[in-house]
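Engineer: With numbering that gives the first Met the number 0 applied, the sequence shown covers 0 to 423. Ideal placement from N, C-alpha and C gives every residue a C-beta, glycine not left out. These figures come from a predicted structure and were not determined experimentally. Provided herewith is a single structure, encoded as structure tokens, for subsequent inquiry.
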Amino acid sequence: MKITRAYKVELDPNNEQRTALLRHCGAARFVYNWGLAHKIEAREKGEKVLNWQKLDGVLRSIIDEEFPWLRETSKWSRQVALANLDNAYKAFFDRCKKGKKGKATGFPKFKSRKSGIGGFGDFAYIVRSDSIKLSCIGRVRLKESNCIPLGGYGKNTDTIRFYGARITERAGRWFVSVHVEIEVPDAIAKTENIIGVDMGVKSLAVASNGLTFENPKALKCRERKLKRLSRQLSRKVKGSTNRKKAARRVAVLHAKVADVRRHTLHHVSHVLTRKASVLVIEDLNVQGMMKNHHLAQAIGDASFGELRRQLTYKSQWRGVELVVAPRFFPSSKTCFSCGAVNADLKLSHRVWSCECGARVDRDLNAALNLRNVAASRAETLNACGGESSGEPLAARETSPREAGSGLETCVSLSPASSENGSNL
Numbered sequence: 000m001k002i003t004r005a006y007k008v009e010l011d012p013n014n015e016q017r018t019a020l021l022r023h024c025g026a027a028r029f030v031y032n033w034g035l036a037h038k039i040e041a042r043e044k045g046e047k048v049l050n051w052q053k054l055d056g057v058l059r060s061i062i063d064e065e066f067p068w069l070r071e072t073s074k075w076s077r078q079v080a081l082a083n084l085d086n087a088y089k090a091f092f093d094r095c096k097k098g099k100k101g102k103a104t105g106f107p108k109f110k111s112r113k114s115g116i117g118g119f120g121d122f123a124y125i126v127r128s129d130s131i132k133l134s135c136i137g138r139v140r141l142k143e144s145n146c147i148p149l150g151g152y153g154k155n156t157d158t159i160r161f162y163g164a165r166i167t168e169r170a171g172r173w174f175v176s177v178h179v180e181i182e183v184p185d186a187i188a189k190t191e192n193i194i195g196v197d198m199g200v201k202s203l204a205v206a207s208n209g210l211t212f213e214n215p216k217a218l219k220c221r222e223r224k225l226k227r228l229s230r231q232l233s234r235k236v237k238g239s240t241n242r243k244k245a246a247r248r249v250a251v252l253h254a255k256v257a258d259v260r261r262h263t264l265h266h267v268s269h270v271l272t273r274k275a276s277v278l279v280i281e282d283l284n285v286q287g288m289m290k291n292h293h294l295a296q297a298i299g300d301a302s303f304g305e306l307r308r309q310l311t312y313k314s315q316w317r318g319v320e321l322v323v324a325p326r327f328f329p330s331s332k333t334c335f336s337c338g339a340v341n342a343d344l345k346l347s348h349r350v351w352s353c354e355c356g357a358r359v360d361r362d363l364n365a366a367l368n369l370r371n372v373a374a375s376r377a378e379t380l381n382a383c384g385g386e387s388s389g390e391p392l393a394a395r396e397t398s399p400r401e402a403g404s405g406l407e408t409c410v411s412l413s414p415a416s417s418e419n420g421s422n423l
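Structure, rendered in structure tokens:
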């Protein structure tokens with residue numbers, strides 16, 4: 000079975016390499032803005048809008064006279080920037096044609112260095128055990144060894160195919176994301192183990208088998224410090240060195256919050272998909288829940304949508320069927336034992352008590368009801384002459400995409416691409 004996977008690792012560059020990385024990010028941002036200005040000018044004049052290959056040809060014809068400093072950077076950073084612009088430009092018109100309500104149809108915007116350093120793509124990298132060789136930068140050490148498959152773009156084997164790499168900066172730290180398609184053994188059929196998972200704010204996830212994953216409340220635990228640093232930032236003079244230092248401290252704290260949250264979500268999704276043969280979750284209307292201003296921050300801090308996304312692609316990797324219960328299924332208001340429904344149940348009621356004698360935690364009751372959804376479905380299949388409930392249900396097709404890899408903006412260029420980047 001082939002799966003798409005991204006490996007993201009922190010780099011350990013020296014001062015000279017940091018300068019080169021910043022130069023490549025600046026070049027990618029400049030070329031993106033140059034290409035966008037060229038497209039806007041062509042539209043206003045009624046001329047044909049050039050694609051990224053032709054724009055790259057125009058840029059190469061004037062680079063020595065007008066932008067000689069771009070020669071100090073890799074051609075890949077420029078070509079990937081123009082290809083990303085093409086994707087954004089086409090996506091805008093595709094969204095306009097569909098005309099879906101509630102969907103943003105913003106025209107591509109010019110990139111500013113004030114909004115962040117950004118990143119750049121590379122298709123001439125070589126991965127070694129403890130380092131990665133980047134085009135025009137050289138060998139950069141990795142902070143973790145042997146965590147990326149050895150090889151590079153164009154160095155494919157029967158079991159692995161390498162795509163592009165993307166280098167990004169976040170709060171002073173540099174990361175590389177390598178996108179690969181890898182061959183893995185087919186998932187071994189597990190003994191049937193149906194697990195219902197109830198997501199919540201008090202406990203991030205409660206499983207029907209008794210596992211409880213506490214909510215780290217990454218933002219709330221650091222909210223006081225974040226407010227203090229934000230006040231310090233607001234008092235600094237704009238453009239001053241002290242303001243830049245204060246802004247960096249705020250960015251580092253935000254990155255810490257994101258890292259704690261991401262680590263917890265990966266841990267929860269890993270444990271659940273390892274233990275279950277069938278996972279049952281709720282179809283939560285997160286967008287609607289965020290309209291509750293009393294709970295919006297807590298719901299956003301829990302990241303239910305990201306947890307569901309991780310459960311989706313990891314379930315596919317491990318041969319687990321992911322069942323999504325109907326959105327209006329009353330999992331919290333239904334007794335797992337007798338099926339009685341308490342329509343008057345309030346959010347403040349944390350313990351489920353029923354006339355049948357059942358008395359359990361509210362979240363555990365919801366998880367047990369979700370488990371019963373898949374269990375009853377399996378029994379229905381048996382009654383119709385299907386497979387016995389002792390066999391695991393088949394895995395669904397899903398579309399995995401690694402979190403936080405930054406590869407959603409890194410396009411694939413053909414191995415046969417010439418110097419002018421004539422092929423996608």
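In terms of alpha-carbon separation, which member of Met-0, Asp-121, Leu-141 lies closest to His-178?
Structural biologist: Closest option to His-178, Cα to Cα, is Asp-121.
Engineer: Tell me the start and end of each unbroken alpha helix (DSSP H) in the region 38-81 that is at least 4 residues and wholly inside, in chain order.
Structural biologist: Runs of the alpha helix (DSSP H) inside the region 38-81: 51-65.
Engineer: Using CA atoms only, rank isn't needed, just tell me which of Leu-264, Ala-87, His-292 is closest to Phe-303.
Structural biologist: Of the candidates Leu-264, Ala-87, His-292, the one whose C-alpha sits nearest the C-alpha of Phe-303 is Leu-264.
Engineer: Nearest by alpha-carbon distance to Val-139: which of Gly-153, Lys-97, Asn-14, Ala-206 is it?
Structural biologist: It is Asn-14 whose Cα lies nearest to the Cα of Val-139.
Engineer: So, for Leu-69: in the same chain, excluding its five sequence neighbours on each side, which residues have a beta-carbon less than 6 Å away from its beta-carbon?
Structural biologist: Same-chain partners within the cutoff: Ala-26, Ile-62.
Engineer: Measuring straight from C-alpha to C-alpha, what distance separates Arg-400 and Arg-127?
Structural biologist: Low local confidence applies: a pLDDT of 36 at Arg-400 is under 50, so the model's placement there is unreliable, and no value is given.
Engineer: Nearest to Ala-275 by CA position, among Lys-47, Leu-321, Met-289, is which residue?
Structural biologist: If we check each option's Cα against that of Ala-275, Leu-321 comes out closest.
Engineer: In this structure, how does DSSP classify Ala-123 when only helix, strand and coil are distinguished?
Structural biologist: Ala-123 falls in the coil class under three-state DSSP.
Engineer: Is the CB-CB distance between Asn-364 and Ala-301 below 9 Å?
Structural biologist: For Asn-364 and Ala-301, no; Cβs fall outside 9 Å.
Engineer: For Leu-10 and Val-200, I'd like the C-alpha separation in whole angstroms.
Structural biologist: Distance between the alpha carbons of Leu-10 and Val-200 is about 34 Å.
Engineer: Assuming Leu-369 contacts Ser-330 (C-beta within less than 8 Å), just tell me the rounded distance between them.
Structural biologist: Rounded, the Cβ-Cβ distance is 6 Å, consistent with contact.
Engineer: Just the C-alpha distance for Ala-204 and Gly-338, rounded to the nearest angstrom, thanks.
Structural biologist: In a straight line, the C-alpha of Ala-204 is about 22 Å away from that of Gly-338.
Engineer: Under three-state DSSP, which class holds Glu-143?
Structural biologist: Correct three-state label for Glu-143: coil.
Engineer: Which runs of the beta strand (DSSP E) at least 3 residues long sit entirely within the region 230-287? Give them in chain order.
Structural biologist: Listed in chain order, they are 277-281.
Engineer: Only counting the same chain, and skipping five residues up and downstream in sequence, which positions put a Cβ closer than 6 Å to that of Ala-19?
Structural biologist: Excluding sequence neighbours, Ala-19 sits near Ile-136.
Engineer: By alpha-carbon positions, which one of Val-251, Leu-210, Met-198, Lys-244 ends up nearest to Leu-218?
Structural biologist: Among Val-251, Leu-210, Met-198, Lys-244, the Cα nearest to that of Leu-218 is on Val-251.
Engineer: Whether or not the region 219-229 and the region 143-155 are in contact is what I'm after, with contact meaning three or more pairs of Cβ atoms, one per stretch, closer than 8 Å; do they touch?
Structural biologist: They do not touch, by the three-pair rule.
Engineer: Since Val-196 and Val-279 should fall inside the 8 Å C-beta cutoff, what is the C-beta to C-beta distance between them, to a whole number of angstroms?
Structural biologist: Confirmed, about 7 Å.
Engineer: So, for Ser-76: in the same chain, excluding its five sequence neighbours on each side, which residues have a beta-carbon less than 6 Å away from its beta-carbon?
Structural biologist: So the list reads His-23, Ala-26, Ala-27, Phe-119, once near-sequence residues are dropped.
Engineer: I believe Ser-134 touches Leu-141 by the beta-carbon criterion, under 8 Å. Please report the beta-carbon distance rounded to the nearest angstrom.
Structural biologist: That belief does not hold up - the Cβ atoms of Ser-134 and Leu-141 are roughly 17 Å apart, past 8 Å.
Engineer: Just how far apart, CA to CA, sit Thr-3 and Arg-42?
Structural biologist: Taking the straight line joining both Cα atoms gives about 37 Å.
Engineer: Just reading off the alpha helix (DSSP H) that Thr-167 is part of, what are its end residues?
Structural biologist: Thr-167 -> not in any alpha helix (DSSP H); beta strand (DSSP E) instead, spanning 159-169.
Engineer: Return the residue from the list Cys-355, Asp-360, Arg-247 that minimises the CA-CA distance to Leu-346.
Structural biologist: When only C-alpha atoms are compared, the closest one is Asp-360.
Engineer: Measure the C-alpha to C-alpha separation of Ile-181 and Glu-143 and round it to an integer number of angstroms.
Structural biologist: Distance between the alpha carbons of Ile-181 and Glu-143 is about 20 Å.
Engineer: Given this structure, state the Cα-to-Cα distance separating Gly-299 from Lys-154, to the nearest angstrom.
Structural biologist: Roughly 41 Å between the two C-alpha positions.
Engineer: Kindly indicate which residue of Asp-343, Ala-36, Ser-239, Gln-309 has the alpha-carbon position closest to the one of Leu-84.
Structural biologist: Residue Ala-36 is the option with its Cα nearest to Leu-84.
Engineer: Where do the N-terminal and C-terminal ends of the alpha helix (DSSP H) with Arg-308 fall, by residue?
Structural biologist: Note, Arg-308: alpha helix (DSSP H), 303-316.
Engineer: Do you know offhand how far Lys-7's Cα is from Lys-44's?
Structural biologist: Rounded to whole angstroms, Lys-7 to Lys-44 spans 43 Å at the Cα level.
Engineer: Per DSSP, what are the beta-bridge partners of Phe-91 in this structure?
Structural biologist: DSSP lists no partner for Phe-91.
Engineer: Measuring alpha carbon to alpha carbon, tell me which residue in Ser-239, Val-249, Gly-238 is nearest Glu-222.
Structural biologist: Checked all of Ser-239, Val-249, Gly-238; the closest Cα to Glu-222 is Val-249.
Engineer: What would DSSP say about Lys-1, mapped onto helix, strand or coil?
Structural biologist: In this structure, Lys-1 counts as strand in the three-state DSSP scheme.
Engineer: Would you kindly work out how many angstroms separate the C-alpha atoms of Ala-5 and Arg-308, rounded to a whole number?
Structural biologist: In a straight line, the C-alpha of Ala-5 is about 15 Å away from that of Arg-308.
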